[in-house]
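Peer 1: The structure follows.
2 protein chains.
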Amino acid sequence: MAKSENLLIDGRWQAAREPRWVFRAEDPTCGQEIEPAFPVCGDGDIERALHAASTAAPALAAVPPAAIAAFLDDCADRIDADRDALIALAHTETALPADTRLPGELARTTGQLRQAARAVREHAWTHPVIDTHAGLRAHYAPLAKPVLVFGPNNFPFAFNAISGSDFASAMAARNPVIAKAHPSHPATSQRLAQCVFAALEASVLPLASVQMLYHFDNDSGLWLAADPRLGAIAFTGSRHGGLALKAAADEAGIPMYAEMSSVNPVFLLPEALAHNGKALAAELFASCTMGSGQFCTNPGVVIVPAGAGGDAFSAETQRLYAAAAPNVLFSRSVRDNLVRALAQLRQAGAVVLAGGAATSGPGYYHAPTLLQVSGSHFLAHAEQLQGEAFGPSTLLIQADDVAQMVRIAAAFEGNLTGTLYRAEDGADEAAFQQIASVLRPRVGRLIANKMPTGVAVSPAMNHGGPYPSTSHSGFTAVGMPGAIRRFAALQCYDNVPEHLLPADLRDHNLPGLQRCVDGHWTDRDIDAGVEA
Amino acid sequence: MAKSENLLIDGRWQAAREPRWVFRAEDPTCGQEIEPAFPVCGDGDIERALHAASTAAPALAAVPPAAIAAFLDDCADRIDADRDALIALAHTETALPADTRLPGELARTTGQLRQAARAVREHAWTHPVIDTHAGLRAHYAPLAKPVLVFGPNNFPFAFNAISGSDFASAMAARNPVIAKAHPSHPATSQRLAQCVFAALEASVLPLASVQMLYHFDNDSGLWLAADPRLGAIAFTGSRHGGLALKAAADEAGIPMYAEMSSVNPVFLLPEALAHNGKALAAELFASCTMGSGQFCTNPGVVIVPAGAGGDAFSAETQRLYAAAAPNVLFSRSVRDNLVRALAQLRQAGAVVLAGGAATSGPGYYHAPTLLQVSGSHFLAHAEQLQGEAFGPSTLLIQADDVAQMVRIAAAFEGNLTGTLYRAEDGADEAAFQQIASVLRPRVGRLIANKMPTGVAVSPAMNHGGPYPSTSHSGFTAVGMPGAIRRFAALQCYDNVPEHLLPADLRDHNLPGLQRCVDGHWTDRDIDAGVEA
Chain A
1 MAKSENLLID GRWQAAREPR WVFRAEDPTC GQEIEPAFPV CGDGDIERAL
51 HAASTAAPAL AAVPPAAIAA FLDDCADRID ADRDALIALA HTETALPADT
101 RLPGELARTT GQLRQAARAV REHAWTHPVI DTHAGLRAHY APLAKPVLVF
151 GPNNFPFAFN AISGSDFASA MAARNPVIAK AHPSHPATSQ RLAQCVFAAL
201 EASVLPLASV QMLYHFDNDS GLWLAADPRL GAIAFTGSRH GGLALKAAAD
251 EAGIPMYAEM SSVNPVFLLP EALAHNGKAL AAELFASCTM GSGQFCTNPG
301 VVIVPAGAGG DAFSAETQRL YAAAAPNVLF SRSVRDNLVR ALAQLRQAGA
351 VVLAGGAATS GPGYYHAPTL LQVSGSHFLA HAEQLQGEAF GPSTLLIQAD
401 DVAQMVRIAA AFEGNLTGTL YRAEDGADEA AFQQIASVLR PRVGRLIANK
451 MPTGVAVSPA MNHGGPYPST SHSGFTAVGM PGAIRRFAAL QCYDNVPEHL
501 LPADLRDHNL PGLQRCVDGH WTDRDIDAGV EA
Chain B
1 MAKSENLLID GRWQAAREPR WVFRAEDPTC GQEIEPAFPV CGDGDIERAL
51 HAASTAAPAL AAVPPAAIAA FLDDCADRID ADRDALIALA HTETALPADT
101 RLPGELARTT GQLRQAARAV REHAWTHPVI DTHAGLRAHY APLAKPVLVF
151 GPNNFPFAFN AISGSDFASA MAARNPVIAK AHPSHPATSQ RLAQCVFAAL
201 EASVLPLASV QMLYHFDNDS GLWLAADPRL GAIAFTGSRH GGLALKAAAD
251 EAGIPMYAEM SSVNPVFLLP EALAHNGKAL AAELFASCTM GSGQFCTNPG
301 VVIVPAGAGG DAFSAETQRL YAAAAPNVLF SRSVRDNLVR ALAQLRQAGA
351 VVLAGGAATS GPGYYHAPTL LQVSGSHFLA HAEQLQGEAF GPSTLLIQAD
401 DVAQMVRIAA AFEGNLTGTL YRAEDGADEA AFQQIASVLR PRVGRLIANK
451 MPTGVAVSPA MNHGGPYPST SHSGFTAVGM PGAIRRFAAL QCYDNVPEHL
501 LPADLRDHNL PGLQRCVDGH WTDRDIDAGV EA
């Protein structure tokens, strides 16, 4: 077997013992392999990672929150300091722009780590609820088991299994992480892991708190996902892969937070189109081709009503897509999956208005693609026509009228987002309310007058949605402290003496901590006299 | 087919169309059947119930919260008014004491409905989080799909599928309920359904908001649990049944909140025993035989250290169990399952110290049973020896010392509760901390110096625990507003104009509603000038 890069297991960088095979990233612009080679782990290495993480879990759960916060901040500082090298690696592996997108994503990543640190420092995610009369105090606490994090292809920094939102959330809740990087950017993941491991070495956290595995095959993933030593799983990726892992995890009673697929329907209302059709076409095109359309919240379906406004919008959109150069994609498999998904949409009756084909090599390119169906045709084939085509692709549904747009809204399965564009003067109000009320329970985030790409890292964000866009509609993958609670257990103390309680549940409150005490949120101490 | 009682489907009481068979409750004290007969629904009736509930869901989600609160309060009032009849029915069907337990449970049930009403009125469960700078506002909202509720045998009122905590929680979140009553108390369930339906008729809620099915067979349960029209499932019952339903629900992506089995270990520390051993024996015996031990939080395992204190406790406990009269159980199946579970414990090496046998008919009685194993034997056969024996049964583990008690704590799978008795003067402090730190991640509620039976209805309660005691360690089945959030979806509004937001997310706040605005919990309005 060829030599390959070291794994991070049990607090040290070490060679894979029985790699299944080795793999290399490819430069998507030309399809050429990039050195060095990375191992595809065998089950022995995975078992060692799981054992080490499980062993570290109780010690990590007992680490003072301040040390966790310092570690997360230090990770952010080290990643910022290594910015140029990280961006260069990620650019080579993903072809994402090194001047705009990647610096922005890196800043988002370190911002996210620092938000997690702040949520830890403020204990915000523990959500203390105290009933002084009943002698009951409850909060969220570490799972005290490892969290397995699967990184996706489309955010080499912000959702990387080693530095992204799931990593930050799992570590904030004081659970060890087993990071499964995405094989399309192993060197970026390795370099992030080096930053994180340096922060770990400088901390009081157990060294086995973070394991880095670059890749393993599907069978290994399935047995690992079903191992009861795991506390939870975070996954961002395809529906096919997500559902297979979820089935394995479900059987073992392991909560899996999977963010799978979404077509993010965008409804353009009549008066918005009448006022603003051309600008909306430009906005849609920009959103759909940014990052080559490889976003979870890419606008994959847009619905316009019949009439002059809709026609003008459609014509302008078609012009923009037709005039665009091919977009470079992350990998051969992204390109092939897009080709396959578009073929399925065509087979279900969608007509290609622009683009529609991959570029013959070298590299992995596909033309921005606009497809079209009528509203009645969509309604008759809604299941097939809402399949995700991951990449720069949009299906334009030409509806007869607002009433049909309402029926189309009702035909969508769970999505991350649903968007409505309305005239600012209120002329679309009735249509907005009709469509929004139907769309609302089908989406995690309801958006007005802006495109769904762009997911702000905010406590009020919901990057989640009803099944099958995610595996549970009650949780968000972005935004602290909510995202941290996915990796926490609700724990109650009943009649436990005050001095034996965790710090955030004691009478004397921690600085800045807001707690729900006898039904009221407050940052005050509990009067010891109350609990009589 | 014999005539049987009407089902409540689609807003009216109607005959089962194709009942599989009919069944009658039995008086557990004598085993005699009680009239009338109730239908075991066929799939046609279940489909009609599901269709009606699904159709009602959007309308129910749009009902003003005040109307939901009024409905829940009215349910409570009508149940209180029907108190004597309900208690008489439940006493006949369950043999629970009509003078103590059942009045207490009824009061708990109506109190729970009123707490849910208050949580609705205060919007507390929607947990609004607002980021004025990012233009994002999020809260929990109805699933807008029906919730299927399975009632257990052991709380004919407080966990009845038609009036209990899951019912109150699902309705509070404005989701229709499909109630699957427990077949051991159909007349009690019918009478509760009559109270609830009268409240429904007096309300503005859709009449199809509540369906009542008395029974269906396992195969029907499995297809219903896998129907994607369901929003969620609440289940309280056996591990075997819960896991089978969960597997069906998981495959369809339906969250199932299952509360299954738990042995609720109780650790008695040396100094607590030295001071108080005899009183502790009485406390354990009372907790274990109350309600004939048929509680989710029954103390099924008690761990004592070697020494004079432990020996005296064990002797006194044995005396109490041996002197006790047989306890009446809910049904033939509870008795048979208890006999089977005790046989398995004996087969795994537990020795019967007292009781151990069912009474030969008539009626369903079993002697309070105390079994014993050594600490080392328990550790060698921990999986078999922590099987739940539902009923008045306790396994006494005689540990060598505190160090072995710590290892025993580490051998427990997920439980609802874990209890430690310590000396009030602090003499057990080191032992408490060692055992508690190991027990903590394995239980939902950590209790000091009182028995686990008795689950206060409080916002700070956790009636939940790690798998396999429940299906998800992040949720509680008791306590508002937490229990309501199981049946809610996280929903975010992004850039949506203020006047198109739900009432609890608008600038002008609702009376008494606490919201997290820009990181701080407050009941104040949002200054319109802030969102610039």
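Residue numbers (this note's numbering), protein chains in the order written: chain A, 1 to 532; chain B, 1 to 532.
Backbone N, C-alpha and C define an ideal beta-carbon position, used for all residues, glycine too.
#1: Taking N449(B) as the query, report the chain A residues whose CB atoms sit under 8 Å from its CB, ordered along the chain.
#2: Grouping DSSP H, G and I as helix and E and B as strand, with all else coil, what is S54(A)?
#3: List the endpoints of the continuous alpha helix (DSSP H) containing H377(B).
#4: Would you call the CB atoms of L192(B) and I79(B) closer than 8 Å?
#5: Are the C-beta atoms of T123(A) and some chain B residue less than 8 Å apart?
#6: Output yes if chain A places a C-beta closer than 8 Å to the C-beta of M290(B); else output no.
#7: With a floor of 3 residues, list each beta strand (DSSP E) that falls wholly inside the segment 9-48 of chain B, ordered by position along the chain.
#8: May I ask which residues mark the beginning and end of the alpha helix (DSSP H) holding C492(B)?
#9: May I ask you to check if the CB of Y257(A) is nearer than 7 Å to at least one heavy atom of the ligand NAD?
#10: From E5(B) to P39(B), what distance separates their C-alpha atoms?
#11: Are the C-beta atoms of P64(B) and some chain A residue less than 8 Å apart?
#12: Using 8 Å as the limit for Cβ to Cβ distance, is M461(A) near chain B?
#13: Anything in chain D within Cβ reach of D131(B), meaning under 7 Å, just list it in chain order.
#14: Going by C-alpha to C-alpha distance, which of E429(B), D494(B) and E383(B) sits closest to P452(A)?
#15: Kindly provide the ranges of any beta strand (DSSP E) runs that are 3 or more residues long and lie completely inside the segment 141-223 of chain A, ordered along the chain.
#16: From the DSSP output, read off the bridge partner residues of W125(B).
#17: Report buried or exposed for V530(B), applying the criterion of at least 16 other Cβ atoms within 10 angstroms of its Cβ.
#18: Taking the alpha helix (DSSP H) that I535(A) falls in, what are its first and last residues?
#19: Closer than 7 Å, Cβ to any Cβ of chain B: which residues of the segment 496-510 of chain A, in chain order?
#20: Please state whether the Cβ-Cβ distance between P265(A) and F432(A) is less than 8 Å.
#21: Do the segment 154-164 of chain A and the segment 47-55 of chain A meet, that is, are 3 or more Cβ pairs less than 8 Å apart?
#22: Counting contacts by CB-CB distance shorter than 8 Å, is P466(B) in contact with chain A?
#23: What distance in whole Å lies between the Cβ atoms of L143(A) and A116(A), which are believed to be in contact at a cut-off of 8 Å?
#24: Answer yes or no: does any C-beta atom of chain A fall closer than 8 Å to that of F475(B)?
#25: By how many angstroms is the C-alpha of A124(B) removed from the C-alpha of A483(B)?
#26: Which of the three DSSP states, helix, strand or coil, is assigned to E531(B)?
#27: Which ranges does the beta strand (DSSP E) cover as unbroken runs of at least 3 residues, wholly within the segment 379-412 of chain B, from first to last along the chain?
#28: Using the Cα positions of D533(B) and R17(B), report the straight-line distance between them to the nearest angstrom.
#29: Just the Cα atoms here: how many angstroms apart are G512(B) and E122(B)?
#30: The alpha helix (DSSP H) spanning G277(A) covers which residue range?
#31: Between the C-alpha atoms of R515(B) and I162(A), what's the straight-line distance to the nearest angstrom?
#32: So if DSSP puts L113(B) in a beta bridge, which residue, or which two residues, is it bridged to?
#33: Are the C-beta of H472(B) and some C-beta of chain A separated by less than 8 Å?
#34: When the distance is taken between beta carbons, is G231(A) closer than 8 Å to K145(A)?
#35: Does the CB of Q294(B) have a neighbour CB from chain A at under 8 Å?
#36: Go ahead and label C296(A) buried or exposed: buried means 16 or more other beta carbons lie within 10 angstroms of its beta carbon, across all protein chains shown.
Peer 2: From the atom records:
#1: N495
#2: helix
#3: G375 to A380
#4: yes
#5: In the sequence as displayed, the identity of residue 123(A) is His instead of Thr. Cβ-Cβ to chain B under 8 Å: no for H123(A).
#6: no
#7: 12-14, 21-27 and 32-40
#8: Segment A488 to D494 is the beta strand (DSSP E) holding C492(B); no alpha helix (DSSP H) there.
#9: With respect to the ligand NAD, the structure offers nothing, as it holds no ligand at all.
#10: 7 Å
#11: no
#12: yes
#13: Structure shown: chain D not included; protein chains present are A and B.
#14: D494(B)
#15: 147-150, 177-180 and 210-213
#16: Answer is none; W125(B) lacks a bridge partner.
#17: The predicted position of V530(B) is uncertain, since its pLDDT is 46 and thus under 50; no value can be drawn from it.
#18: As shown, chain A starts at 1 and ends at 532. That puts residue 535(A) outside it, with no answer to give.
#19: V496, P497 and L500
#20: no
#21: no
#22: yes
#23: Not a contact, Cβ separation roughly 16 Å.
#24: yes
#25: 12 Å
#26: At E531(B), the pLDDT of 43 sits below 50, so the modelled position is not reliable; the number obtained from the coordinates is stated separately. Of the three classes helix, strand and coil, the one that applies to E531(B) here is coil, per DSSP.
#27: 393-399
#28: What the structure shows of chain B is the stretch from 1 to 532, and residue 533(B) is not part of that stretch, so it cannot be assessed.
#29: 6 Å
#30: P270 to T289
#31: 33 Å
#32: In DSSP, L113(B) forms no bridge with anything.
#33: yes
#34: yes
#35: no
#36: buried
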